[in-house]
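Please read the structure below before turning to the comments.
Protein chains: 2
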Amino acid sequence: MSTLPSLSPARPSVEQVSIGQYLIQRLRDYGIRHVFGIPGDYVLAFYTMLEQSPVEVVGCTREDNAGFAADAYARVAGMGAVCITYCVGGLSTCNSIAGAFAEKSPVVVISGSPGLAERRNNPLLHHMVRDFRTQYEVYQRLCIAGAELNDPTTARREIDRVLDTVYRFKRPGYLEIPRDMVHVSCQPGGGFVPPSEQSDPDTLAEAVDEAVEMINRSRRVVVVAGVELHRFGLQDLALELIEQCQIPFTVTMLGKGVIRETHPLFVGLYAGALGRDEVTQFVEESDCVILLGTFMSDINLGIYTANLDPGRCIYVTSERLQIRHHVYPGVQFEDFLRELIARRPTPPAREIPSWARRKLEPFQVEPQRPLTITRLIQRLNHLLDENTVVIADVGDAMFASTELVIRQRTEFLAPAYYTSMGFAIPAALGAKMANPRLRPLVLVGDGAFQMTFQELSTIVRHGQNPVVLVLNNCGYGTERLLHPGDWRFNEIQPWQYHKVPEVFGGGVGYDVCTEGQLEQALQQAWQDRDQMHLIHIHLDRCDCSHTLARLGRRLQRRVDTSSGEE
Amino acid sequence: MSTLPSLSPARPSVEQVSIGQYLIQRLRDYGIRHVFGIPGDYVLAFYTMLEQSPVEVVGCTREDNAGFAADAYARVAGMGAVCITYCVGGLSTCNSIAGAFAEKSPVVVISGSPGLAERRNNPLLHHMVRDFRTQYEVYQRLCIAGAELNDPTTARREIDRVLDTVYRFKRPGYLEIPRDMVHVSCQPGGGFVPPSEQSDPDTLAEAVDEAVEMINRSRRVVVVAGVELHRFGLQDLALELIEQCQIPFTVTMLGKGVIRETHPLFVGLYAGALGRDEVTQFVEESDCVILLGTFMSDINLGIYTANLDPGRCIYVTSERLQIRHHVYPGVQFEDFLRELIARRPTPPAREIPSWARRKLEPFQVEPQRPLTITRLIQRLNHLLDENTVVIADVGDAMFASTELVIRQRTEFLAPAYYTSMGFAIPAALGAKMANPRLRPLVLVGDGAFQMTFQELSTIVRHGQNPVVLVLNNCGYGTERLLHPGDWRFNEIQPWQYHKVPEVFGGGVGYDVCTEGQLEQALQQAWQDRDQMHLIHIHLDRCDCSHTLARLGRRLQRRVDTSSGEE
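Going line by line, the protein sequences match chains A and B.
Numbering that gives the first Met the number 0 applies: residue 0 is where the first sequence begins, and numbers increase by one.
Numbering that gives the first Met the number 0 applies: residue 0 is where the second sequence begins, and numbers increase by one.
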């Protein structure tokens, strides 16, 4: 579903274009048609220019929400942008941009700042913290590249450099425009020359030789597909390798959805204690594990309950190629995949186990039965279609969602590594803007909902039609599992979540406790594609998915041990 | 109203106390009885310890709101604290802590972090960005002091050092506790010795000599009272000077409320174009201006429309003593004040002009008259009593609030320098926790309300009783004034603000368009002190206070000029 924008070279001739105009042109070159944010006086000049351009400004209620929306937009459309004012805006966006960094989402952060002429004699301008460079220095820690556009002779090159770096590394980049530079013309100057991305041919050949030999010599081969396949647009190549060689494949949690899960070679989610035992065993008893673009992060690997022997692994990402215990530097992910496919490895056929051929079990509504998350997921599996994008927030919303069967690729968005609560609602806004054909199905816990739910207002304002399921288990349920006991700090104020549409002036709310009520609400919501639907789902405070229960048992031991309480 | 906690020395003997317990003890020494925040797995061990201690954990809906609440708590109680988890919590709190830094509010940020034992081999742990020190490095830019409590032999000294620095400089400090260090016992080690704070006696004597001479020689003397008088607990001394010498005084916007505005020597708010012309003229035609603890920031000085000749100024703050064009290094603010009072300067009497003796004009409700902000403020002036704390959010809520008459000191809270929207609602929570006798009267614009209004949920949960006035002028009104034109980016979704209490499960909402409706709502709200009241006030989209109108005319010229559009 996702199509990465084709990489455009820097524009050769842009005399008489202002710094602001050049930036807008370049954003469009990368396929950015929407910019999320909130205006403020230091960025008003650039907002005005944006509003007069073909790029649409999507005003959000909070800057961090704008960051989450831009992140989801980037995941779906290939690149996203957020535009905010100095410090009060920029420093409000740190967390969502940190999440984009951690999970490799290419978001451009554009911030206004005080005009250069205003800075003489170092005055105390409003919104300023410590000194004029504070925000820039903070973003140096959260971005892959950054620039202050304070010099018309270098502005073009700096814009090109930052956008190119964001595009190549799939990490956020930072551009700060002093408000008196927006209308200043770019001066001619040396253009930006992107660094070479060629693999070293000898290293590549040697690596592929070894990989082919390892695959051909193996008896039980498996592919683990990760999120970078999606970020770098390599899903088709990965699928080509898988199908050509008929290799069974699995996905990590962060990679869920990169290849459709209805594929006959798909065996399930690989995530240590988090995933099903059969899948874990299937992967770990393999003598050749090809990891394509996976993050070796803790939650992705079931809090290190995954148990992979590196001596049996071919591990390739945009940053690293490692076969067994040695590293091949300077090999591009895509080159390696292409070369491997060209060499047509011939591993022995490996049977897809019968447990992997899961048919969708029929779901029978029991109208009076109280709701559980497990039964909810079973029901939702019958609802998903090829235009659904599932967006899961942190907590059991995410863990339970791993049990959903994703029919198409990129249909599943979740902050599965950085795990920042409150991602899902603003992400629904961003995903829909990026691809209006998608319909977001949002699963969000009550705690996460309370953090960012005001972005539903923007969703209503734009007439978007997500179906939002608020999973109300009366507090921070995942933490109750990690750290049992009746701790008051896990309690939150109970809300009438279904009344939220009345406040925001649009959409329909439902309050459901039983399967019968849920069924009615789901039917009505699914059929009405013209507005937002919010279903308040009452769960028992101790209810949790099988996935979370498994994880809880593991994590609990770790939390208690590391806190010195045992 | 505010009483600064008395400075306790570091505790001499704490063998067998864990790092977590020692930190809690020290927080209590500084008068901290409440900690605001949200739990998360990296901070669960410390949360558990907090819940078992006499310190109350106030769970918030969002971490940045917890930061704002802790800031307001610090402004009222003398010191505040926020406690959050690693990165997803800490990086969500950057903006509110930046505001505390900019406006000198002593807030302690306590963050959990991955256990030291978990960090071996540099794994990708959840919530991590770039590397383990990213958050610490970000907070180095936003705090006056910071420490990672990763060594039991230095932990006590580091805690003492950071808390002492926060207390002395009235700026935020940062403490990070790896989750496996919470229960580790503090080891004996060199204690923290606070640096000397003694003024150099010769410098002090010379400075006071000059000041006394300048005051005695003057013909028209005035005091400008600033916010540092409140932060450093120097209001009584300032008042002693003012009364002993019978010097008329004024306040800056950020300092509004540091001395009660019903004082017979008070002449009004001094803020350049923002304030009344008579006050500006009164100050600027003085031949001796004594600035006590003022920030020389742009909004505080009416965006530099204030016009003070340094050759006539005695400028003293916690950071600097300057008389005319020269600086006296190493003189403490308090020492200077005390010495000056002891020398009993005798300036010539200066008459308080008749315009400064403003009587409260009677307010006659015109029941059918549509609401305006100007008339609202006139009405509210009759409502304020000695237990009201006015909390104003950014925008016309703040500008109009400068026209309120503050009856007691520290009764006015507003982010008047950093001007971060969304401060007021969480600040109401924090102020009430700090002093339960206070009743918050919150003025907040619709745009600011949408950012952080979920903290009303916490206010309801704790049975607090603020009266919240949502000033709905359909969008970002201040920006419309700064940058005229029908810009879509200044529009926001219209909400049914008065229905918010129904969602959060407590409090009463009112929807008012006329003075008659407002009167009824105000009467009911003011009489019922047992719950929260939220009044949705419909204003014309072009309505604004006299103060904002004045400021708008000035700022507009600056924005347009600096954006290069003129």
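From the three backbone atoms N, C-alpha and C, an ideal C-beta is built for every residue, glycine too.
In the displayed model, S104 (chain A) falls within coil according to three-state DSSP, outside both helix and strand. Restricted to the stretch 24-64 of chain A, the beta strand (DSSP E) segments that are unbroken, complete and at least 3 residues in length are 33-36 and 55-58, listed in chain order. Not a single C-beta of chain A is nearer than 8 angstroms to the C-beta of S104 (chain B). Put simply, of A:L437, A:Y72 and A:M127 the residue whose alpha carbon is nearest the alpha carbon of P113 (chain A) is A:M127.
In the DSSP secondary-structure assignment, D510 (chain A) is bridged to A:H535. For A224 (chain B), there is no enclosing alpha helix (DSSP H); the enclosing beta strand (DSSP E) has its first and last residue at V220 to A224. Around the beta carbon of E260 (chain B), 16 or more other beta carbons lie within 10 angstroms, which makes this residue buried. Close CB contacts of T133 (chain A) within its chain, under the 8 angstroms cut and outside five residues either way in sequence, are with C86 and M127 (chain order). For the stretch 468-486 of chain A, the set of residues with a beta-carbon nearer than 7 angstroms to any beta-carbon of chain B comprises Y475, E478, L481, H482 and W486, in chain order. Judged by DSSP in its simplified three-state form, R553 (chain A) adopts helix. Rounded to whole angstroms, the gap between the alpha carbons of L141 (chain B) and V469 (chain A) is 35 angstroms. Taking a 10 Å sphere around the C-beta of H381 (chain B), we find fewer than 16 other C-beta atoms and assign the residue as exposed. Under the three-pair Cβ rule at 8 angstroms, the stretch 487-504 of chain A counts as touching the stretch 51-64 of chain B.
Taking C-beta atoms as the reference points, N464 (chain B) and R406 (chain B) fail to come closer than 8 angstroms. For E227 (chain B), not one C-beta of chain A is nearer than 8 angstroms to its own C-beta. In the structure shown, T477 (chain B) falls within a helical segment according to DSSP collapsed to helix, strand and coil. Distance from the CA atom of A44 (chain A) to the CA atom of N121 (chain A), rounded to whole angstroms, is 22 angstroms. The DSSP-derived three-state label of F265 (chain B) is strand. Its chain contains P193 as the residues whose beta carbon lies nearer than 6 angstroms to that of D163 (chain A), once the 5 sequence neighbours on both sides are disregarded; these appear in chain order.
Taking a beta-carbon distance threshold of 8 angstroms, I390 (chain B) does not count as an interface residue toward chain A. For A427 (chain B), the enclosing alpha helix (DSSP H) stretches over residues A423 to A433. Under the Cβ distance rule, I536 (chain B) does not count among the residues neighbouring chain A, no pair being separated by less than 8 angstroms. Fewer than three pairs of CB atoms, one per stretch, sit closer than 8 angstroms, so the stretch 264-277 of chain B makes no contact with the stretch 313-330 of chain B. Excluding the 5 residues flanking it on each side, A206 (chain A) has same chain C-beta neighbours closer than 7 angstroms at L320, I322, Y327, V330 and F335, in chain order. Against chain A, the CB of L123 (chain B) has a partner CB under 8 angstroms away; the residue lies at that interface. Close to R129 (chain A), with beta-carbon spacing below 9 angstroms, are these residues of chain B in chain order: A97, F100, A101, R140 and L141. One finds nothing in chain B with a Cβ atom closer than 9 angstroms to the Cβ of C512 (chain A); even the nearest lies about 17 angstroms away.
In the structure shown, the three-state DSSP call for G310 (chain A) is helix.
The beta carbon of G421 (chain A) is closer than 6 angstroms to those of A447, M450 and T451 in its chain, skipping five residues each way along the sequence. Residue-level contact by beta carbon fails for Y314 (chain A) and chain B, as no gap is shorter than 8 angstroms. N306 (chain B) counts as exposed, since fewer than 16 other C-beta atoms from the protein chains shown sit within 10 angstroms of its C-beta. E242 (chain A) and A341 (chain A) have their C-alpha atoms some 13 angstroms from each other. Taking one beta carbon from each stretch, the stretch 384-397 of chain A and the stretch 423-440 of chain A have 3 or more pairs nearer than 8 angstroms; the two touch. With respect to R356 (chain B), S285 (chain B) sits apart: the two C-beta atoms are not nearer than 8 angstroms. Of all alpha-carbon atoms in A:V222, A:D28, A:M180 and A:R167, the one lying nearest the alpha-carbon of Q197 (chain A) is that of A:R167. Secondary-structure assignment with DSSP links E175 (chain B) through a beta bridge to B:S110 and B:E147.
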